[in-house]
Amino acid sequence: MRVVVTGGAGFIGRRLVATLIRHRHDVVVLDRRVAADSDASPVIHLAGCPGVRDTGPDVARRRWRDNVEATEAVLGAVRDATPVLAFSSSSVYGGAQVTADGTVRPCRETDPLDPKGGYAASKAAMEQLCQDRSSRGSPTLVVRPFTVLGEGQRPDMAVSVWARQLAAGQALSVYGSLARTRDLTDVADVARLTEALLHAGATGTVNIGTGHPHTLHQIVCAIGRAVGKPPQVRVVPAEEYEVAHTCADTSLLHRRVGSTPHTDVDCVITRAVQSAGLGVGAVADPAEAVTG
33 MRVVVTGGAG FIGRRLVATL IRHRHDVVVL DRRVAADSDA SPVIHLAGCP
83 GVRDTGPDVA RRRWRDNVEA TEAVLGAVRD ATPVLAFSSS SVYGGAQVTA
133 DGTVRPCRET DPLDPKGGYA ASKAAMEQLC QDRSSRGSPT LVVRPFTVLG
183 EGQRPDMAVS VWARQLAAGQ ALSVYGSLAR TRDLTDVADV ARLTEALLHA
233 GATGTVNIGT GHPHTLHQIV CAIGRAVGKP PQVRVVPAEE YEVAHTCADT
283 SLLHRRVGST PHTDVDCVIT RAVQSAGLGV GAVADPAEAV TG
């Protein structure tokens with residue numbers, strides 16, 4: 033099957049393109065533009081402006097242009113019958129809710145959106161465009177990946193920043209608390225499950241996550257094992273967009289493709305650290321060295 037991918041040179045895009053080729057798809061990688069006269073080949077729309085923490089004088093404009101206007105252009109260029117799979121973000125939920133007994137409730141696709149910050153808001157606006165297309169009967173799927181990690185990840189991602197800080201002998205700047213949690217998803221699983229959803233002809237909205245979050249303490253310790261140094265932590269105040277917990281409800285994903293991913297946090301962080309060219313080793317027990 034011929035598949036058109038926008039943003040195929042990015043972190044997730046590179047892995048997804050390789051996975052599609054391995055499954056014998058004919059892949060066409062584009063930057064942002066999709067030809068209006070192309071055939072009804074499925075389009076996977078990844079191109080956008082990433083980075084929850086990205087700041088700068090023009091970041092709001094770039095986010096809107098790259099996440100909303102670019103999506104509008106893609107949806108307007110393809111035929112009504114063309115299947116479109118668009119990448120959103122788990123950030124549109126505004127974090128997972130905590131129940132009265134302290135349990136973190138997984139985010140369901142039917143939950144109301146509560147985006148925190150400009151990045152999440154731009155993704156929510158992008159989703160609305162996709163929902164409008166779907167309401168007109170055009171096959172459209174929005175996927176919401178949860179904290180994707182792996183080799184080749186962006187240098188501004190928390191694990192990348194912490195690994196560089198640790199390798200340089202600096203304290204790791206952790207937002208809020210080491211007790212905060214993140215649902216970590218291996219980029220290899222994101223690529224595999226995206227191909228499976230495409231093959232299944234899924235529509236609507238689907239989470240891509242594990243449903244089993246890790247604490248920031250566990251993540252920091254895994255970085256210590258990967259870099260080979262005992263981590264020291266400096267807890268700093270969290271911005272509004274730094275939500276306390278993320279956790280995916282994966283029941284719909286499992287119904288669609290019959291599979292739910294499991295992330296080996298040590299494996300995926302080691303791969304990310306190695307790809308960044310940082311030293312890899314082991315320390316006796318980096319967990320004991322973590323301080324707040």
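Per our numbering, residue 33 is the first one in the sequence shown, and the count goes up by one each step.
Glycine included, each C-beta is placed from N, C-alpha and C at the ideal position.
Are the beta-carbon atoms belonging to residue i and residue j less than 9 Å from one another?
i    : j    : result
L204 : T247 : no
A128 : I76  : no
V191 : I251 : yes
V267 : Y207 : yes
C279 : R137 : yes
V193 : I44  : no
V35  : L52  : yes
T235 : S166 : yes
A152 : V100 : no
V91  : G150 : yes
Got a sec: is the Cβ-Cβ distance from residue i to anything in chain D below 9 Å?
i   : result
N99 : Although the question refers to chain D, the structure presented lacks it and comprises just one protein chain.
In its own chain, which residues sit with a C-beta less than 6 Å from the C-beta of residue i, not counting the 5 before and 5 after it?
i    : result
T237 : E141 and V174
R94  : C81
T135 : none
H286 : T292
D98  : G80 and C81
Leaving out the 5 sequence neighbours to the left and right, which residues in its chain are closer than 7 Å to residue i when beta-carbon positions are compared?
i    : result
P293 : T217, D218, D221, L225 and T242
Q163 : none
H277 : G127, A128, V130, V136, R212, T213 and P245
W96  : S154
A359 : The requested residue 359 is not part of the displayed model; the chain covers only 33 to 324.
V59  : V35, V37, V49, L52 and I53
Going along the chain, which residues of its own chain have a beta-carbon closer than 8 Å to the beta-carbon of residue i, five neighbours each way excluded?
i    : result
R196 : P187, A308 and L310
K148 : S123, G126, G127, E272, Y273 and V275
L48  : V37, G40, I76, L78, V222, A223, T226 and E227
Would you decide whether residue i is buried or exposed? Buried here means 16 or more other CB atoms lie within 10 Å of its CB.
i    : result
P144 : exposed
P89  : exposed
M33  : exposed
S121 : buried
R176 : buried
R54  : exposed
G108 : exposed
A132 : exposed
Q185 : buried
R46  : buried
G201 : exposed
G233 : exposed
Using only the alpha-carbon positions, how far apart do residue i and residue j sit?
i    : j    : result
E183 : R303 : 5 Å
R214 : K155 : 19 Å
P171 : L230 : 11 Å
D296 : T103 : 33 Å
C139 : I240 : 11 Å
F178 : Q264 : 26 Å
Q160 : C253 : 39 Å
H57  : G42  : 19 Å
V300 : D146 : 29 Å
D298 : M189 : 17 Å
D281 : H249 : 22 Å
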